[in-house]
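Residue numbers (mature numbering (1 follows the signal peptide of the UniProt record, and there is no 0)): -23 to -1, 1 to 415.
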């Protein structure tokens, strides 16, 4: 996923670096097969965000389903525009140094006729935009049912440019300091899932808990939505991970099979823990387990063998399951368990990438690679956590972060959008008592 390794497909001799291969000779040429695969992969990853909207929407109250889904849907528009204007160049612009990209591609200038590896640079920019989009959408799950819609968009725009883009540069750009260190993150375990999970936890802490939490029960209003969303996420994740090879090659094939088996193992593991704890498996548990497995395998998907992917799925699901059970100890109402499912699974996946990359002869010696991965995790947690806190405080000075108590009780749909997801309030908590703008 980085600019430097993207040249791999055109060269007869390669050096493995950061999840791809760096060309040692020859000039890359446009490959129609690789380009076709990347066009499809970009579309698959775009589908993940509407899938996430269904997943999150089903987990909330019926009176807030539209607002929850709108946070994901509007992330597509907001981030796509910002990525075009400045996000791409801040992440992948040449000449910027170890911390941030150069400004040579503002507005995607300078990409016409250029290649990134063996695909047009416009295709690479579009593919990367899809990652930036879903990273922001993931955070929304922690703040649903209480954060003002306008405040979320303002925070989201700042987060995309000032947190996501620099972190992507660190990990995936040829001159990024974590890339130079040798950190392995094939498809976004650090850049997307750890970043989103930690930012979600900080946002939940800054906003404070939902009314009635933890005494009042907050149960999913539409479990079929949750299953539909999880299925769309798994489908799109095939492009998310296998597409990160940026070519139709062996790395893509390995990423595809590990993206099949790790979530499968995680799904069964989650259900096993549910049965052990409560006596019954649940549909929400199955959906959550498979998503956790997808998160855990993301950084390792082309660095480990299928049997190692099974282990990552089992360990990622176990860590996330028990984090969910202990969520009250986190002192934050992370409404849809974004930190437990994305932050924790992302951290587990990143560390296990270092521990198991030897199975495909990737990276450094296991002990050394694990230490490098640990540095990447700590740096990402610190940067995203502190940065998110600062941005929320800034947004809070400009506009209130939370809706009023009566808006929250009545549900976010009417107060934020003057719409309802359903004709009846059945399944919601309370009756709307306020209709007004954000």
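For glycine and all other residues, C-beta sits at the position ideal for the given N, C-alpha and C. Predicted model only: the values in this text are computed from it and were never measured.
When DSSP reads this structure, residue 124 sits in a beta bridge with 379.
In the structure shown, residue 197 adopts coil according to DSSP, grouped into three states. Following the DSSP letters along the chain, one finds residue 44 inside the alpha helix (DSSP H) bounded by residues 42 to 59. Looking at the DSSP output, residue 97 sits in a beta bridge with 92. The C-beta separation of residue 396 from residue 43 comes to about 6 Å, placing the pair in contact by the 8 Å criterion. In this model, residue 280 and residue 400 are separated by some 49 Å (Cα to Cα). DSSP places residue 146 in the uninterrupted alpha helix (DSSP H) bounded by 142 to 149.
Sequence-distant Cβ neighbours of residue 15 in its own chain, meaning closer than 7 Å and more than five residues away, are 96, 100, 104, 220 and 223.
By the Cβ-count criterion, residue 9 is exposed, with fewer than 16 other Cβ atoms from all chains shown falling within 10 Å of its own Cβ. In the three-state DSSP reduction, residue 390 falls in the helix class (H, G or I). In this structure, residue 79 lies near residue 72, with their beta-carbon atoms less than 8 Å apart. Distances from the alpha-carbon of residue 27 to those of 158, 361, 378 and 207 put 207 closest.
Contact between the segment 334 to 344 and the segment 140 to 149 is absent, with fewer than three C-beta pairs closer than 8 Å.
The alpha-carbon of residue 165 is positioned some 25 Å away from that of residue 5.
Between residue 181 and residue 311, the CB-CB gap stays under 8 Å. In this structure residue 203 is buried. Its beta-carbon is surrounded by 16 or more other beta-carbon atoms within 10 angstroms. Around residue 215, the same chain offers 21, 233 and 236 as residues with beta carbons nearer than 7 Å, after the five sequence neighbours per side are excluded.
Residue nearest to residue 271 within the set 325, 305 and 228 is 325 (criterion: CA-CA distance).
No Cβ-Cβ contact shorter than 8 Å links residue 284 with residue 263. If you draw a straight line from the Cα of residue 383 to the Cα of residue 398, it is about 19 Å long. In the structure shown, residue 77 falls within a coil segment according to DSSP collapsed to helix, strand and coil.
The beta-carbon distance between residue 102 and residue 83, rounded to whole angstroms, is 12 Å. This is too long to meet the 8 Å contact definition. Sixteen is the threshold: since fewer than 16 other Cβ atoms of the shown chains lie within 10 Å of the Cβ of residue 299, the residue is exposed. Contact check between the segment 114 to 128 and the segment 43 to 53: three or more CB pairs, one atom from each, fall below 8 Å, which counts as touching. Relative to the Cα of residue 304, the nearest Cα in the group 316, 294, 295 and 277 belongs to 316. Remark: C-beta atoms of residue 290 and residue 241 approach each other more closely than 8 Å. With at least 16 other beta carbons inside 10 angstroms of its own, residue 123 counts as buried. The alpha carbon of residue 93 has as its nearest neighbour, out of 118, 7 and 134, the alpha carbon of 7. Here residue 76 is exposed: its Cβ has fewer than 16 other Cβ atoms, across all protein chains shown, within 10 Å. Residue state for residue 281 is assigned as coil, using DSSP reduced to three classes.
Between residue 388 and residue 38, the beta carbon gap of about 6 Å places them in contact (Cβ cut-off 8 Å).
Contact between residue 375 and residue 131 holds: their C-beta atoms lie close to 7 Å from each other, under 8 Å.
Taking residue 175 as the centre and dropping the five residues before and after it, the same chain places the C-beta of 320, 358, 361 and 362 closer than 6 Å to its C-beta, in chain order. Per the coordinates, the alpha-carbon of residue 349 lies some 42 Å from the alpha-carbon of residue 41.
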